[in-house]
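This report concerns only the one structure given below.
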Amino acid sequence: MSEPSTSLNNDILLSILSISTTKTATSIMETCRFLYREGAKIVLQRPVVLDASDENILSLLHFLQAEDLSRCSYVRTMQIFTNPLSEAAAKMLANIVPRMSNLERLGLRAERSFVAYPYLVPAFAALQTVKVLIVFEAGSQTCEMIRTLQSELFIASILYDPADQFDPRMDGSRPARHPLQLLQRSASTLRELTCGFWCDVGTEPESLLIPPDTIYPEVRTLKLLNNAACSPIPYIYALPNLTHLSSESYLPVAWEYGQLDLSQSQRRVNMLLQRLSLPDDVEEPGPFVWKDIQSYTGPLSDLWALGTTFPIPRLTLTDAPGLRAPLALTEVLASARPTHLTIAFGDQPLSSVLQSDLLGALRSEGAAGLRTLELGADLMAGDVDRNVDVGQALLNNIMFILRDITPAEDAPNGEPRVPAHATTGPGHNHSTPSTSTGNTAQSASSLPATAAASAAPENLASLTLAERTLEEFDVQVFVRRLSESPSLPTLQNVMVTIGRPRRCGGRLRSACMGRKDDRAPPNVYTGGKVQYKELRADVERRRADRPLTCRDIPTPWPSLASLSRAQYENSTRRGGRGVVGLGLGAFPGVGAAGGM
0 MSEPSTSLNN
10 DILLSILSIS
20 TTKTATSIME
30 TCRFLYREGA
40 KIVLQRPVVL
50 DASDENILSL
60 LHFLQAEDLS
70 RCSYVRTMQI
80 FTNPLSEAAA
90 KMLANIVPRM
100 SNLERLGLRA
110 ERSFVAYPYL
120 VPAFAALQTV
130 KVLIVFEAGS
140 QTCEMIRTLQ
150 SELFIASILY
160 DPADQFDPRM
170 DGSRPARHPL
180 QLLQRSASTL
190 RELTCGFWCD
200 VGTEPESLLI
210 PPDTIYPEVR
220 TLKLLNNAAC
230 SPIPYIYALP
240 NLTHLSSESY
250 LPVAWEYGQL
260 DLSQSQRRVN
270 MLLQRLSLPD
280 DVEEPGPFVW
290 KDIQSYTGPL
300 SDLWALGTTF
310 PIPRLTLTDA
320 PGLRAPLALT
330 EVLASARPTH
340 LTIAFGDQPL
350 SSVLQSDLLG
360 ALRSEGAAGL
370 RTLELGADLM
380 AGDVDRNVDV
390 GQALLNNIMF
400 ILRDITPAED
410 APNGEPRVPA
420 HATTGPGHNH
430 STPSTSTGNT
440 AQSASSLPAT
450 AAASAAPENL
460 ASLTLAERTL
470 EEFDVQVFVR
480 RLSESPSLPT
490 LQNVMVTIGR
500 PRRCGGRLRS
510 ACMGRKDDRA
520 PPNVYTGGKV
530 QYKELRADVE
540 RRRADRPLTC
550 RDIPTPWPSL
560 ASLSRAQYEN
570 STRRGGRGVV
580 GLGLGAFPGV
590 GAAGGM
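What follows is the structure, encoded as structure tokens:
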């Protein structure tokens, strides 16, 4: 009988190679001619990343040059972050890049390499198959590469060099470097655009009224990242079919304080230009209106500075009231008139949230059409908020606010209907069908205590008022009363997440209710029933693990929690308004994300 064969099928070997590390895979490739040839196709399905020592980069480039440069056609994704490259690497790259006939995704931080080796610019510009382009620290040479790129892009992300934002020497070339000018070759194909670290300070306002030569009809998503005094005017002109607008910021908090005056000036300019562009027939949208806009996601302060004057149905906002104009939320709602509103107040004391314009904004006409409202915040239960009665705060304010956003025509005789358990102010007693309260210790019991409290009775005495009332708060009952309130006929979806005090475990208690609504998030729709769950909360770890959306953005400044606490305490001593914060996680000493 012959001995059984111990050789592995080539397909099995290729499968093993596909799940091996790059170093192991290349070692396997050296075992036979078949794997040497076919293995390269497997290995190069992974992104080719030049972000290491020059020795490793040269080794990788030699790998690509093998087999008479035929491997170049296997590359689908390339990322180059070593800046500048060595001369040897640059020369090899100039020979390799034009042969990447199937490259689809390209990420670059290469301005210094382009300056040092100008021949790289036409080499990259000759690429014809790139669909996704992401560039970091774009300067004049990178912009020239983008402008002459032969590919028709679907997604483009251009993050400029932050050092150029306020450089007056860049004012003359700034209009030509605007992303809408650089991407004209992709005007008919571009679907998503990200612009980062752009500054419109040096742009003459009059020039913004001139319609652009190029329109991008397929763009639906615009993301603005760390822009300074950004004007929406060119985008509204060039992206007429936009549906999703978002903004992000990782700038130092101290810089945000200094930008407030700049944002106020930019808002006035943006709103003036929109009014100047409106036709005589105001019933028809003017050229400065995104008629199909569906959502905005990002800081409230950014949307306020943009000065948009048209409806936006869905707003998902982050807010730091101490770092923006006092009436920013009210003014944004007056224009946007959303039907779905989510606001997260992060790393700020709950004590200050009701001192902002939040309550007034939700009572205003701009909030009259709300169908979904989600609020998330933090509680400094062992520090600034130690004397806050959580149940009292929610009943006296949140219930009051929700009642007032009901459209006036839905209430008899135009007067709001007051549920039996609600109150109109902190000085009034409030009762529920099962309990009545009139003192501080029992104010939270207007919502019965959670059945399974995580803290033993003897330990409750050592808690602050904020911690004790937070621990005793019954999330299920609160959501049920919101959903059953006769004064809230328009309310469709409710989600409340409240964390236990850190000293009681910090777990998150979440209750939600969603009625049938085509636009309700899947995790909220419950068929009209209240659903409750309790989750483990490890906020600091989750925050530390959260990835950034771009590379190498340092964060050496103090935490927003420590700054907002100091700002609130200073404001309190001066008798002024503090910084605001409202998903309530109780974290002594500093605020951390609780809530939604």
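Letter 561 of the sequence shown, counting from 1, is numbered 560 in numbering that gives the first Met the number 0, and no numbers are missing. In this text, a Cβ means the ideal position worked out from N, Cα and C, and glycines have one as well. These numbers come from a predicted model, not from an experiment.
Counterpart residues of residue i in DSSP-defined beta bridges
{"i": "G513", "result": "N492"}
{"i": "E143", "result": "Beta-bridge pairing links E143 to no other residue."}
{"i": "P298", "result": "T317"}
{"i": "C198", "result": "A227"}
{"i": "T341", "result": "T315 and E373"}
{"i": "H243", "result": "T220 and S294"}
{"i": "R508", "result": "I497 and E533"}
{"i": "L107", "result": "I79 and V134"}
Buried versus exposed call for residue i [16 or more other C-beta atoms within 10 Å across all chains shown]
{"i": "L364", "result": "The amino acid occupying residue 364 in the given sequence is Glu; Leu does not appear at that position. Classification for E364: exposed."}
{"i": "Y116", "result": "buried"}
{"i": "I11", "result": "exposed"}
{"i": "T21", "result": "exposed"}
{"i": "L481", "result": "buried"}
{"i": "N8", "result": "exposed"}
{"i": "E110", "result": "buried"}
{"i": "C31", "result": "exposed"}
{"i": "S14", "result": "exposed"}
{"i": "E596", "result": "With the chain running from 0 to 595 in the structure shown, residue 596 is simply not present."}
{"i": "N101", "result": "exposed"}
{"i": "R467", "result": "buried"}
{"i": "A510", "result": "buried"}
{"i": "P557", "result": "For P557, the pLDDT reaches just 42, beneath the cut-off of 50, and the residue's location in the model is therefore unreliable, although a value from the coordinates is still provided. Exposed, by the Cβ-count rule."}
{"i": "L16", "result": "buried"}
{"i": "T548", "result": "Confidence at T548 is low in this model, with a pLDDT of 36, below 50, so its placement is unreliable and the value that follows should be read with caution. That one is exposed."}
{"i": "L446", "result": "Caution is warranted here: a pLDDT of 42 is assigned to L446, below 50, making its placement in the model unreliable, and the coordinate value is therefore given only provisionally. By the 10 Å Cβ count, L446 comes out buried."}
{"i": "E471", "result": "buried"}
{"i": "R108", "result": "buried"}
{"i": "V156", "result": "Rather than Val, the amino acid found at residue 156 in this sequence is Ser. Buried, by the Cβ-count rule."}
{"i": "D212", "result": "exposed"}
Beta-carbon proximity of residue i to residue j, cut-off 9 Å
{"i": "A360", "j": "T329", "result": "yes"}
{"i": "K222", "j": "S245", "result": "yes"}
{"i": "T242", "j": "I292", "result": "yes"}
{"i": "M99", "j": "V74", "result": "yes"}
{"i": "T307", "j": "A327", "result": "no"}
{"i": "P174", "j": "Q183", "result": "no"}
{"i": "A137", "j": "D160", "result": "yes"}
{"i": "S230", "j": "L272", "result": "yes"}
{"i": "A319", "j": "Q265", "result": "no"}
{"i": "S112", "j": "P83", "result": "yes"}
{"i": "I235", "j": "W289", "result": "yes"}
{"i": "P322", "j": "S300", "result": "Contrary to the premise, residue 322 reads as Leu rather than Pro in this sequence. Yes, Cβ-Cβ distance for L322 and S300 is below 9 Å."}
{"i": "G38", "j": "T25", "result": "yes"}
{"i": "L158", "j": "C194", "result": "yes"}
{"i": "T81", "j": "P46", "result": "no"}
{"i": "S294", "j": "P310", "result": "no"}
{"i": "L378", "j": "A465", "result": "yes"}
{"i": "W197", "j": "N226", "result": "yes"}
{"i": "A324", "j": "S262", "result": "yes"}
{"i": "T341", "j": "R370", "result": "no"}
{"i": "R501", "j": "A380", "result": "yes"}
{"i": "D384", "j": "L349", "result": "yes"}
{"i": "L49", "j": "I56", "result": "yes"}
Of the residues the options, the one placed nearest residue i, counting alpha carbons only
{"i": "L148", "options": "A162, D160 and A122", "result": "A122"}
{"i": "R104", "options": "V120, I311, I79 and T496", "result": "I79"}
{"i": "F62", "options": "L92, P211 and K290", "result": "L92"}
{"i": "G297", "options": "M512, F344 and S72", "result": "F344"}
{"i": "S187", "options": "I154, R176 and R173", "result": "I154"}
{"i": "R36", "options": "L189, E66 and L179", "result": "E66"}
{"i": "D382", "options": "A88, S150, G375 and S351", "result": "S351"}
{"i": "G498", "options": "G375, S300 and V387", "result": "G375"}
{"i": "R146", "options": "P46, K130, H177 and M512", "result": "H177"}
{"i": "V129", "options": "M144, R508, E151 and C142", "result": "E151"}
{"i": "V495", "options": "G504, R502, R501 and G513", "result": "G513"}
{"i": "V529", "options": "R535, R385, V476 and R506", "result": "V476"}
{"i": "L189", "options": "Y215, N55 and A460", "result": "Y215"}
{"i": "R479", "options": "V389, L275 and G527", "result": "G527"}
{"i": "A51", "options": "L60, G504 and R508", "result": "L60"}
{"i": "V268", "options": "E217, D199, L462 and N94", "result": "D199"}
{"i": "I209", "options": "V218, V42, L275 and M144", "result": "L275"}
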